[in-house]
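Trainee:
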Amino acid sequence: RPRVLSGIQPTADSFHVGNYVGALKQWVELQDTHETFYMVADLHAITVEQDPPTLRSRTRASVAQLLALGVDPERSVLFAQSHVPAHSQLSWVLECQAGFGEAGRMTQFKDKSARSASAEHVSVGLFTYPILQAADILIYQADTVPVGEDQRQHLELSRNLAQRFNSRYGKTLQVPEPYILKATAKIYDLMDPSAKMSKSLPGGVLDLLADVKKSVKSIKSAVTDTEREVRFDEVNKPGVSNLLTLLHVFTDSPIAELETGFEGKGYGDLKGDLAAAFTAFVEPVQAKVKTYLDDPAELDRILAGGARRAREVADATVRSVYEKIGFLALG
Ligand code: TYM
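Just remember that full-length UniProt numbering sits 14 ahead of the position in the sequence shown, which is counted from 1.
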């Protein structure tokens, strides 16, 4: 079976619909056909300041959400990144292969650092963040990496670093392919359909763990346009198209079929249907999250099992990388 690796940061109290539709839904589906490694990227989280107790509780809540959404710890290796020291080990090696210029071209770094008040507040870790992400992927020799559109550039860097290592030292690292589904790779903010739905933009974000009544309200107040026709047209009708994409995901109906169904109806009907479909999806997820969070010892046990299995694969890659670059074997 081809191998999958992906990760998500524990930097919010809840995952949002963009995370689910853009990535996590694919994580769950790929379990049927691939050997899957999924991690909570706590090392990445500390590239910006984190309150320690909050980081701990968000990491557990992230695991609970992944389980509730259908990541199955029997079929997937589910773990916390910090439990596998090899990520940091390979990251250092890759940092020594990566150019300062190519790291500086990463748009996510440029955006995040531009938002910071001064250069002193931007950590070196935020700069090397994509190289750690490359290590996450390459250390498992992953073939396939399911992510949203915003991670495409980081995936390209991972591919370049793997190819560079292989051409310098001989074939060692698998060159990964991004798995980005065009139709759902970028979910937009409900209040500003020109912006990506993002935890750093709290306006029109649909959080999975938010009070469902509040989410229904956000859906009903989503920004649309001054026409009346429910039609998929990303250029001229970004708000309506975003709602149609979400309705498509939560009802499993093709967009064209949805458009036909809304003929002669209006945006209120579209929003009403989406509110109902989202509620039906999210209520059982919330109930399961609650059950998992009631038993933190079980969550920690799952993570321990995942770390054990992850370390086996990751340590083997570090051993072969260390040998190739000329480190002495431990006698
Ligand atoms: P993160 O934690 O920001 O987001 C997790 C996943 O959600 C996707 N996503 C979206 N997809 C569609 N529309 C949106 N509005 C939207 N917002 C977020 C992201 O693309 C991502 O797939 N650097 C990564 C975490 C990471 C990782 C890795 C991913 C660390 N190591 C190795 C893959 C492989 C990140 O910050 O994702």
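Where a beta carbon is used, it is the ideal one built from N, C-alpha and C, also for glycine.
All of these numbers come straight from a predicted model, not from anything done at the bench.
Using CA coordinates, which residue listed in Y154, T61, K200 is at the minimum distance from V136?
Mentor: Among Y154, T61, K200, the Cα nearest to that of V136 belongs to T61.
Trainee: Can you list, in chain order, the residues of its chain with a C-beta nearer than 7 angstroms to that of S76? Leave out the 5 residues immediately preceding and following it.
Mentor: Excluding sequence neighbours, S76 sits near I22, P24, V54.
Trainee: In terms of DSSP beta bridges, what is T50 paired with?
Mentor: Partner(s): V18, S90.
Trainee: For P192, is the classification buried or exposed, using 16 other Cβ atoms within 10 angstroms of its Cβ as the cut-off for buried?
Mentor: When all chains shown are included, P192 counts as buried.
Trainee: Could you compute how far the alpha carbon of D206 sits from the alpha carbon of A301?
Mentor: Distance between the alpha carbons of D206 and A301: 30 angstroms.
Trainee: Following a CB-centred definition, is L195 positioned closer than 7 angstroms to any heavy atom of the ligand TYM?
Mentor: Not under cutoff, so the answer is no.
Trainee: Keeping to the same chain, check which residues put their C-beta closer than 8 angstroms to that of D203; ignore five residues upstream and five downstream.
Mentor: So the qualifying residues of the chain are A209, K210, M211, S212, L215, G217, G218, V219.
Trainee: Report yes if the C-beta of M205 is less than 7 angstroms from at least one heavy atom of the ligand TYM; otherwise report no.
Mentor: Not under cutoff, so the answer is no.
Trainee: Pair every Cβ in the segment 109-118 with every Cβ in the segment 65-73, then say whether three or more of these pairs are closer than 8 angstroms.
Mentor: Touching, no, given that fewer than three Cβ pairs across the two stretches are closer than 8 angstroms.
Trainee: Leaving out the 5 sequence neighbours to the left and right, which residues in its chain are closer than 6 angstroms to V303 when beta-carbon positions are compared?
Mentor: If we look at V303 and ignore the five residues flanking it on each side, its Cβ neighbours are A78, Q79, A82.
Trainee: Compute the Euclidean distance between the alpha carbons of I153 and E326, then round it to the nearest angstrom.
Mentor: In a straight line, the C-alpha of I153 is about 11 angstroms away from that of E326.
Trainee: I'd like to confirm something about A199: is its beta-carbon nearer than 7 angstroms to some heavy atom of the ligand TYM, or not?
Mentor: Yes, since a heavy atom of the ligand TYM falls inside the 7 angstroms radius drawn around the Cβ of A199.
Trainee: Taking the straight line between their C-alpha atoms, what separation do you get for S255 and D157?
Mentor: Roughly 32 angstroms separates the two Cα atoms.
Trainee: Using a threshold of 7 angstroms, is the CB atom of A117 nearer than that to any non-hydrogen atom of the ligand TYM?
Mentor: Not so, every heavy atom of the ligand TYM lies at least 7 angstroms from the Cβ.
Trainee: Is it a yes or a no for the segment 253-269 touching the segment 279-286, going by three-plus beta-carbon pairs under 8 angstroms?
Mentor: Segments in contact, yes.
Trainee: By a C-beta neighbour count over all protein chains shown, 10 Å radius and 16 as the cutoff for buried, is S232 buried or exposed?
Mentor: Result: buried.
Trainee: Relative to the C-alpha of F295, which candidate in V226, E243, Y143 has its C-alpha closest?
Mentor: The shortest C-alpha separation from F295 is found at V226.
Trainee: Between V107 and the ligand TYM, is there a pair consisting of the residue's CB and a ligand heavy atom that are separated by less than 7 angstroms?
Mentor: Result no, Cβ not under 7 angstroms from the ligand TYM.
Trainee: Could you say which of G320, S334, T265, R245 lies nearest to L19 if we only look at CA atoms?
Mentor: Nearest option by C-alpha distance: G320.
Trainee: Only counting runs of 3 or more residues, tell me where the beta strand (DSSP E) segments fall wholly within the segment 189-245, in order along the chain.
Mentor: Segments of the beta strand (DSSP E) lying fully in the segment 189-245: 191-193.
Trainee: Count the other CB atoms within 10 Å of the CB of G32; is the residue buried (16 or more) or exposed (fewer)?
Mentor: That one is buried.
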